[in-house]
Amino acid sequence: MDSAQSAVFVSSPDGQLLAAASDGREIIIWRLSDGLSVQRLGYEGHVGSITAIAFSPNGSNLVSGSTDATAIVWSIASGKKIFHFVGHHQAVEHVAYATDGTRIVTASWDSSVKFWDARSGAPLCHFPFRQPIHELLSSPDGSRLAVRLDMSVALFGTASGEPIVRLAVFESPNRAKAHGVAFSPSGDRLVVLAVDDVGSGGRIYNTRDCTVATKLERFGELLSAAFSPDGG
Numbered sequence: 001m002d003s004a005q006s007a008v009f010v011s012s013p014d015g016q017l018l019a020a021a022s023d024g025r026e027i028i029i030w031r032l033s034d035g036l037s038v039q040r041l042g043y044e045g046h047v048g049s050i051t052a053i054a055f056s057p058n059g060s061n062l063v064s065g066s067t068d069a070t071a072i073v074w075s076i077a078s079g080k081k082i083f084h085f086v087g088h089h090q091a092v093e094h095v096a097y098a099t100d101g102t103r104i105v106t107a108s109w110d111s112s113v114k115f116w117d118a119r120s121g122a123p124l125c126h127f128p129f130r131q132p133i134h135e136l137l138s139s140p141d142g143s144r145l146a147v148r149l150d151m152s153v154a155l156f157g158t159a160s161g162e163p164i165v166r167l168a169v170f171e172s173p174n175r176a177k178a179h180g181v182a183f184s185p186s187g188d189r190l191v192v193l194a195v196d197d198v199g200s201g202g203r204i205y206n207t208r209d210c211t212v213a214t215k216l217e218r219f220g221e222l223l224s225a226a227f228s229p230d231g232g
């Protein structure tokens with residue numbers, strides 16, 4: 001699978017930098033104001049292709065996931081490794097920072113999600129699933145994390161200073177594929193789209209008590225969803 005790995009791109013939170021990892025083991029960072037390369041990461045890092053990258057909220061660090069089943073936190077200023085996360089059994093396909101920058105989340109082809117302390121590198125907790133993981137999505141306020149699986153979406157409580165807990169698993173009706181997931185701007189609602197042989201449907205959940213707020217009318221095949229900026 002290494003040879004077929006496509007390029008991975010992500011911009012820094014302030015929009016000043018662009019990081020890219022191709023089918024090799026190197027991450028290149030450009031300054032967008034003039035297009036110049038300002039850093040290269042990975043010479044002494046992963047032994048497999050890089051599959052995912054994410055900037056820290058303050059833009060000073062970057063985390064990468066790889067087919068070697070590990071994740072690495074890099075200092076952008078020095079180009080050196082800060083932490084090397086080991087514990088997954090298969091490729092790490094998704095990485096993300098908590099909104100406040102205190103935690104890092106990794107998701108793997110082994111169908112597990114792990115949380116790590118971004119300040120010490122210590123493992124915090126581990127959640128196994130029985131379905132492949134397709135997406136990690138943090139709420140705007142950082143208090144919730146949605147994990148999109150094949151036929152369900154798991155919701156975690158991730159508020160700063162509080163224990164990480166799995167709040168609910170929203171199962172798709174009729175074992176349909178879960179495709180689109182989005183938080184409202186305030187983070188109080190989560191929309192989940194599901195697609196089966198008949199078409200697409202969806203539900204909007206209250207993230208505070210995990211109840212169904214609205215059922216969406218079925219349409220043709222819909223693969224993504226988004227709330228308007230005012231949350232309507």
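Heads up: the sequence shown begins at 1 in full-length UniProt numbering, then just goes up one per residue. The beta-carbon is built from N, C-alpha and C at its ideal position, and this holds for glycine as well.
- Comparing alpha carbon positions, the residue from K114, G142, S139 closest to F129 is K114.
- With distances taken between CA atoms, E26 lies nearest to G79 out of G161, F227, S111, G79.
- Residues of the same chain with a CB within less than 8 Å of the CB of I164, apart from the 5 flanking positions on each side, are R103, F115, L124, C125, F156, G157, T158 in chain order.
- Shown here, G65 sits in a strand according to DSSP, grouped into three states.
- Taking each of E171, A91, M151, F183 in turn and checking the Cα distance to P229, the smallest one comes out for F183.
- Within the stretch 66-122, there are no complete alpha helix (DSSP H) runs of at least 4 residues.
- When beta bridges are read from the DSSP output, A225 appears opposite no residue.
- V195 places its beta carbon 8 Å or farther from that of R203.
- Of the other Cβ atoms in all chains shown, fewer than 16 fall within 10 Å of the Cβ of V212; this residue is therefore exposed.
- The alpha-carbon of A52 is positioned some 27 Å away from that of A176.
- Where T51 is concerned, the enclosing beta strand (DSSP E) starts and stops at 50-55.
- In the structure shown, I204 falls within a strand segment according to DSSP collapsed to helix, strand and coil.
- Nearest in C-alpha terms to P132, of all of V153, S139, T99, is V153.
- Between A69 and V95, the C-beta spacing is not below 8 Å.
- For F85, the closest alpha carbon among the candidates G24, D117, L36 is that of D117.
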